[in-house]
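J.: First the structure, which I've put down as structure tokens, then a few questions once you've had a look.
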Amino acid sequence: MVRQAKDYVAAGDIIQVVPSQRFETPLTVHPFDFYRALRVVNPSPYMYYLDFDGLVIAGASPEMMTRTEGGTIETRPIAGTRPRGRTPEEDVALAAELLADEKERAEHVMLVDLARNDIGRVASYGRVQVEDFMSIERYSHVMHIVSRVRGELRPDTDAFDALRATFPAGTLSGAPKIRAMEIIDELETERRGVYGGAVGYFSYSGASDTAIAIRTLVAKDGVGYFQAGGGVVAESDPASEYDESCRKADCGARRPPHGPPRPRLAPHAEPLPTPHPRGAARRERTQDDFRHRR
Numbered sequence: 096m097v098r099q100a101k102d103y104v105a106a107g108d109i110i111q112v113v114p115s116q117r118f119e120t121p122l123t124v125h126p127f128d129f130y131r132a133l134r135v136v137n138p139s140p141y142m143y144y145l146d147f148d149g150l151v152i153a154g155a156s157p158e159m160m161t162r163t164e165g166g167t168i169e170t171r172p173i174a175g176t177r178p179r180g181r182t183p184e185e186d187v188a189l190a191a192e193l194l195a196d197e198k199e200r201a202e203h204v205m206l207v208d209l210a211r212n213d214i215g216r217v218a219s220y221g222r223v224q225v226e227d228f229m230s231i232e233r234y235s236h237v238m239h240i241v242s243r244v245r246g247e248l249r250p251d252t253d254a255f256d257a258l259r260a261t262f263p264a265g266t267l268s269g270a271p272k273i274r275a276m277e278i279i280d281e282l283e284t285e286r287r288g289v290y291g292g293a294v295g296y297f298s299y300s301g302a303s304d305t306a307i308a309i310r311t312l313v314a315k316d317g318v319g320y321f322q323a324g325g326g327v328v329a330e331s332d333p334a335s336e337y338d339e340s341c342r343k344a345d346c347g348a349r350r351p352p353h354g355p356p357r358p359r360l361a362p363h364a365e366p367l368p369t370p371h372p373r374g375a376a377r378r379e380r381t382q383d384d385f386r387h388r389r
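Structure (structure tokens):
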């Protein structure tokens with residue numbers, strides 16, 4: 096898959112694309128017990144447990160999709176990953192190596208620029224800015240390069256417009272975004288389902304806070320499903336990208352009591368159903384929606 100993605104980059108179709116793979120493992124514990132363990136071994140800014148009558152979504156996402164409050168919109172693109180060090184000294188060395196990696200830096204800068212462009216679709220002219228550029232954030236098993244992009248919402252836009260303008264995140268699709276999504280649709284053999292979606296809330300005050308659904312378990316019929324990927328550019332090494340996706344999946348599955356995930360062996364298996372929560376929901380369509388096979 097990575098080699099095919101690199102062919103598209105070499106042909107000039109895209110600059111970057113973010114393919115993913117699915118892992119699965121039998122669950123020998125209740126999904127809520129998994130979630131409780133996840134809170135301990137991989138605490139993250141966004142923790143969630145959603146039960147949809149037999150389909151459970153439990154996650155510990157480090158990445159914001161969008162946040163709106165007081166007329167501002169914010170997103171925090173994450174791109175660039177290294178494993179955590181076994182000692183404090185090794186951890187510092189790995190962080191320095193990550194920040195010095197030209198490929199990781201170029202990929203991050205490109206995705207920050209994409210986030211600026213997305214926010215610019217709903218922000219007032221000249222009111223988009225980048226803060227905390229290329230800082231390191233550490234989690235239980237990995238560290239990432241993170242930046243903050245903020246803007247001032249135009250008076251004629253709201254929190255739903257903000258999500259629609261930025262969804263799906265460039266860090267889960269690529270650049271240019273629409274062409275990258277078309278290539279993902281071609282390369283991935285299963286629907287993404289929850290993976291890469293948004294989990295969060297919209298308040299009556301007009302505020303919202305949503306996370307990208309990564310580091311997330313989908314549990315159904317006694318089986319746990321994880322999905323993870325990595326950004327592919329011209330310089331990408333297929334083995335390294337595979338290892339990165341495994342490390343990301345490992346964040347949600349290494350230590351909880353059911354054991355590690357394994358790569359999915361049936362690439363054309365029946366896709367997971369998309370949950371439909373009870374009650375009314377506002378449906379949104381955008382030109383950036385994924386086009387999945389039926």
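According to my numbering, the stretch in the sequence shown is residues 96 to 389, in order. Here a beta-carbon is modelled for each residue, glycine too, at the ideal position from N, C-alpha and C.
#1: Would you kindly check if the distance between the Cβ of V207 and the Cβ of V71 is under 8 Å?
#2: In terms of residue numbering, what span does the beta strand (DSSP E) encompassing V328 cover?
#3: Here's the rule: buried if 16 or more other CB atoms are within 10 angstroms of the residue's CB, otherwise exposed. What is V135?
#4: Can you tell me the Cα-Cα spacing of A293 and A306, whole angstroms?
#5: Out of curiosity, what's the CA-to-CA distance linking H363 and R286?
#6: Let's test the definition: count the other Cβ atoms within 10 Å of the Cβ of Y299 and tell me whether it reaches 16, buried, or not, exposed.
#7: Between G175 and L150, is the Cβ-Cβ spacing less than 8 Å?
#8: From what residue to what residue does the beta strand (DSSP E) around A218 run?
#9: If we count Cβ pairs, one from each stretch, closer than 8 Å, do we get three or more for the stretch 272-283 versus the stretch 248-255?
#10: How about K198 and V328: do their beta carbons lie closer than 8 Å?
#11: Which runs of the beta strand (DSSP E), 3 residues or longer, sit entirely within the stretch 155-189?
#12: Rounded to whole angstroms, what's the CA-CA distance from S74 to T261? Just pull it up for me.
#13: Residue range of the beta strand (DSSP E) that G246 falls in?
#14: Go through its chain and collect everything with a Cβ distance to L209's Cβ below 6 Å, but skip five positions before and after it.
#15: Whose C-alpha, out of E330, Y320, G317 and R310, is nearest the C-alpha of L133?
#16: Over what stretch of residues does the beta strand (DSSP E) that includes G295 continue unbroken?
T.: With the given structure in hand:
#1: Any question about residue 71 goes unanswered here, given that the chain covers just 96 to 389.
#2: Where V328 is concerned, there is no enclosing beta strand (DSSP E), given that its DSSP letter is neither H nor E.
#3: exposed
#4: 5 Å
#5: Confidence at H363 is low in this model, with a pLDDT of 32, below 50, so its placement is unreliable and no value can be given for it.
#6: exposed
#7: no
#8: A218 to R233
#9: no
#10: yes
#11: 159-164, 167-170 and 173-178
#12: What is shown of the chain runs 96 to 389, which leaves residue 74 out entirely.
#13: V237 to L248
#14: G265 and A270
#15: R310
#16: A293 to F297
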